[in-house]
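Reading through the structure tokens given below for one structure.
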């Protein structure tokens with residue numbers, strides 16, 4: 001085992017810039033998992049990857065593309081941040097199981113089976129009924145397992161998530177969500193899901209997105225860290241990481257697009273509402289990745305020892321990444 | 327009302343040729359609804375339409391594209407067959423509600439919300455669980471209603487079908503299936519579905535595809551016509567038509583593609599099996615559309631009067647088409 005202390009934010013979707021990458025490095029992040037698709041199809045994703053290739057060239061002193069856990073070690077050594085690609089939706093594979101291998105070759109390492117709505121693979125958490133993982137879903141999970149793409153069920157519904165945990169022969173991830181025992185939002189997860197996730201070796205990335213937080217923007221650091229402690233009691237500290245869901249720097253038409261994509265002509269407000277349609281404001285103790293420092297202090301104060309704090313802030317995700325291609 | 331006697335086969339997917347179009351005309355078919363997509367996406371469908379445009383040019387003495395009920399009258403007068411386009415799947419609209427209008431402009435008049443599997447809109451009859459019409463499904467049905475594309479639930483699961491009947495503000499169709507009281511195949515429909523369909527003004531096209539028939543290829547004309555009589559007792563003769571599901575002339579890799587598309591790497595045999603994977607053989611009294619003559623005699627023999635026989639063999643579908651754009 002590696003004795004380093006790694007810091008990993010396992011979900012960010014910021015308006016990428018030199019400034020953001022510098023902030024991430026200031027926060028000592030060795031790796032981030034970034035979203036490169038919400039509703040994009042295969043060709044559209046290729047364009048997003050082209051953009052990332054430009055970032056990797058332009059900001060090569062700050063970031064490079066991560067493909068295996070060894071890139072996390074490399075980033076740590078070189079004081080850079082390894083950037084791992086993921087999809088929040090299965091839209092890029094369209095209806096073609098053959099595209100799973102294509103996106104793997106492009107470096108995709110995480111894929112959500114659903115983004116809020118029903119997909120061809122499973123049911124999203126905003127649907128009224130949840131029929132679980134579909135016929136195609138079973139086939140695609142097998143393919144993802146074979147290749148080394150992590151099944152991510154952050155935006156999925158309950159039965160679909162339990163199905164995915166059972167069907168996947170590798171641990172799955174919930175890269176960004178919180179327990180519903182703390183705040184009962186549609187996107188947060190039941191104790192049943194959290195327990196099944198942990199029993200199968202999976203990890204949940206606790207989210208700092210205000211719509212997933214008790215008291216939203218006004219959530220306190222203490223409340224968040226107490227939630228982490230209760231979650232650790234419930235499922236064990238080894239199954240907890242951070243997936244901040246930071247969406248900073250974007251204009252509000254981005255959150256509108258995330259919610260509506262091209263699936264509806266009636267405006268959908270997702271976790272917001274007509275009167276509260278915009279990106280929510282981050283709590284002041286986690287405005288950007290430098291908030292990891294506050295999390296560190298807060299978690300210590302709540303009673304976690306140093307090793308446990310390190311586990312939560314990155315080492316658990318590092319170990320999870322080690323398992324992806326095993 | 328038009329006092330003509332129309333003959334309509336509301337589902338065919340043959341290997342199109344002059345011979346087939348001549349047979350359809352020999353059978354006096356004034357209209358056929360043809361499948362132009364099983365798994366195709368938007369661009370692939372455009373290619374299929376290009377092929378059809380060639381057929382319309384090459385065989386202009388036999389066929390032309392139908393867009394409204396008036397084209398059925400025109401075809402009857404000119405002794406041709408009007409060809410109406412439909413999709414057996416929603417794959418051509420991909421995940422984009424904006425494409426519904428595009429496919430309407432291309433002449434699409436029927437679209438199944440699902441083809442056996444879960445789609446973005448609803449659940450197919452081969453899935454284990456049926457969550458009904460999805461969030462996107464509701465939006466797309468509204469759009470189809472507004473434009474004049476018929477919701478077709480032939481390959482859909484029970485709850486999804488009942489949902490679609492409820493949600494659609496226009497009558498829906500089951501273009502090709504049989505009642506499960508007669509033969510309990512996955513593709514056939516329950517009494518609940520048949521009753522709800524009829525109550526909402528919809529029509530079912532009775533299927534001549536052997537996997538939907540009692541005793542399959544050995545099904546007798548008598549048995550088929552008795553089934554039609556019982557269905558008429560259950561839901562009223564006005565809600566029954568023919569959707570033969572004729573797939574003649576194709577090589578067996580076509581049925582393999584229909585079943586497997588690009589959704590699985592594990593071979594799926596659909597209604598067949600590993601030992602019985604090919605297109606089934608048609609019963610001898612319905613080898614092609616000329617079997618309409620046998621149906622006419624069979625239905626009369628079962629006790630339907632002439633007006634009722636005419637209703638079943640085309641007039642009910644003609645009236646249904648009249649309502650599409652109302």
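Protein chains in written order, with our numbering: chain C, 1 to 326; chain F, 327 to 652. Note that the Cβ used here is the ideal one computed from N, Cα and C, for glycine as well. Remember, it's a predicted structure, so these values are computed and weren't measured experimentally.
Using a Cβ-Cβ cut-off of 7 Å (strictly less than) and excluding sequence neighbours within five positions of residue i, which residues of its own chain qualify?
| i | result |
| --- | --- |
| residue 450 (chain F) | 440, 441, 442, 443, 444, 481, 482, 483 |
| residue 318 (chain C) | 6, 8, 69, 72 |
| residue 407 (chain F) | 347, 350, 351, 355, 356, 357, 358, 388, 389, 401 |
| residue 145 (chain C) | 168, 169, 170 |
| residue 622 (chain F) | 635, 639 |
Could you name the residues of the same chain whose beta carbon sits closer than 8 Å to that of residue i, not counting the 5 residues immediately before and after it, in chain order?
| i | result |
| --- | --- |
| residue 394 (chain F) | 647, 650, 651 |
| residue 459 (chain F) | 439, 447, 448, 467, 486, 489, 490, 493 |
| residue 328 (chain C) | Residue 328 (chain C) lies beyond the residue range present for chain C, which begins at 1 and ends at 326; the question has no answer from this structure. |
| residue 49 (chain C) | 36, 85, 106, 107 |
| residue 367 (chain F) | 417, 418, 420 |
| residue 136 (chain C) | 95, 97, 120, 121 |
| residue 456 (chain F) | 449, 483, 484, 485, 486 |
| residue 252 (chain C) | 277, 278, 279 |
Using a Cβ-Cβ cutoff of less than 6 Å, which residues in the same chain neighbour residue i once the five nearest sequence positions on both sides are dropped?
| i | result |
| --- | --- |
| residue 341 (chain F) | 575, 576 |
| residue 526 (chain F) | 491, 497 |
| residue 17 (chain C) | none |
| residue 93 (chain C) | 99, 100 |
| residue 508 (chain F) | 540, 553 |
| residue 223 (chain C) | 214 |
| residue 10 (chain C) | 33, 175, 205, 241, 243, 317 |
| residue 310 (chain C) | 5 |
| residue 104 (chain C) | 147, 149 |
| residue 371 (chain F) | 363, 418 |
| residue 27 (chain C) | 289, 290, 292 |
Report, in whole angstroms, the separation of the C-beta atoms of residue i and residue j, which I expect to be a contact under 8 Å.
| i | j | result |
| --- | --- | --- |
| residue 566 (chain F) | residue 521 (chain F) | Not confirmed; about 13 Å, so no contact. |
| residue 638 (chain F) | residue 563 (chain F) | 7 Å |
| residue 354 (chain C) | residue 245 (chain C) | No answer is possible for residue 354 (chain C): the residues shown for chain C start at 1 and end at 326. |
| residue 625 (chain F) | residue 554 (chain F) | 6 Å |
| residue 262 (chain C) | residue 39 (chain C) | 6 Å |
| residue 268 (chain C) | residue 260 (chain C) | 5 Å |
| residue 514 (chain F) | residue 538 (chain F) | 6 Å |
| residue 315 (chain C) | residue 221 (chain C) | Actually they do not touch by this definition, with Cβ atoms about 21 Å apart. |
| residue 177 (chain C) | residue 202 (chain C) | Actually they are not in contact, since the Cβ atoms of residue 177 (chain C) and residue 202 (chain C) sit about 12 Å apart, beyond 8 Å. |
| residue 128 (chain C) | residue 469 (chain F) | That pair is no contact at about 20 Å. |
| residue 573 (chain F) | residue 339 (chain F) | 5 Å |
Residue i bridges to which residues according to DSSP?
| i | result |
| --- | --- |
| residue 538 (chain F) | In DSSP, residue 538 (chain F) forms no bridge with anything. |
| residue 9 (chain C) | C:32 |
| residue 602 (chain F) | F:599 |
| residue 530 (chain F) | F:500, F:566 |
| residue 572 (chain F) | F:338 |
Give the residues of chain B in contact with residue i, contact being defined as C-beta atoms less than 8 Å apart.
| i | result |
| --- | --- |
| residue 136 (chain C) | Considering every chain present, this structure includes no chain B. Its protein chains are C and F. |
>> For the segment 78–108 of chain C, list every residue whose C-beta sits within 8 Å of some C-beta in chain F, in sequence order.
In response: Of all residues in the segment 78–108 of chain C, those with a C-beta nearer than 8 Å to a C-beta of chain F are 91, 94, 95, 96, 97, 98, reading in chain order.
> Quick one, which residues of the segment 115–133 of chain C are near chain F if we go by CB-CB under 9 Å, in chain order?
Replying inline: The residues in question are 116, 117, 118, 119, 120, 121, 122, 123, 124, 126, 127, 128, 129, 130, 131, 132.
>> So if I threshold CB-CB distances at 9 Å, which residues from the segment 569–595 of chain F count as touching chain C?
In response: Legend: CB atoms of the segment 569–595 of chain F lying less than 9 Å from CB atoms of chain C belong to residues 587, 588, 589, 590, 591, 592, 594.
>> Which residues of the segment 351–373 of chain F have a Cβ closer than 8 Å to any Cβ of chain C? Give them in chain order.
In response: Correct list: 365, 367.
>> My parser needs the beta strand (DSSP E) runs of 3 or more residues fully inside the segment 28–112 of chain C; what are they?
In response: The beta strand (DSSP E) runs lying completely inside the segment 28–112 of chain C and spanning 3 residues or more are 31–37, 63–65, 81–87, 108–112, given in chain order.
> What are the start and end residues of each continuous beta strand (DSSP E) run of 3 or more residues lying completely inside the segment 111–192 of chain C, in chain order?
Replying inline: Given a length threshold of 3 residues, each whole run of the beta strand (DSSP E) inside the segment 111–192 of chain C is given here in chain order: 150–152.
> For the segment 278–290 of chain C, which residues have a beta carbon sitting closer than 7 Å to at least one beta carbon of chain F?
Replying inline: The segment 278–290 of chain C vs chain F, Cβ under 7 Å: nothing.
> Mind listing which residues of the segment 158–184 of chain C have their C-beta closer than 9 Å to chain F's C-betas, in chain order?
Replying inline: Per Cβ criterion, the list reads 159.
> When you check each C-beta in the segment 380–407 of chain F against every C-beta of chain C, which residues fall closer than 9 Å?
Replying inline: Correct list: empty, as no residue qualifies.
> Name the residues in the segment 465–476 of chain F whose C-beta lies less than 9 Å from a C-beta of chain C; which are they?
Replying inline: Across the segment 465–476 of chain F, CB contacts with chain C closer than 9 Å involve 465, 466, 468, 469, in sequence order along the chain.
>> Just to confirm the assignment: which complete alpha helix (DSSP H) runs, minimum length 4, are found wholly within the segment 282–318 of chain C?
In response: Here the runs fully enclosed are 292–302, 306–310.
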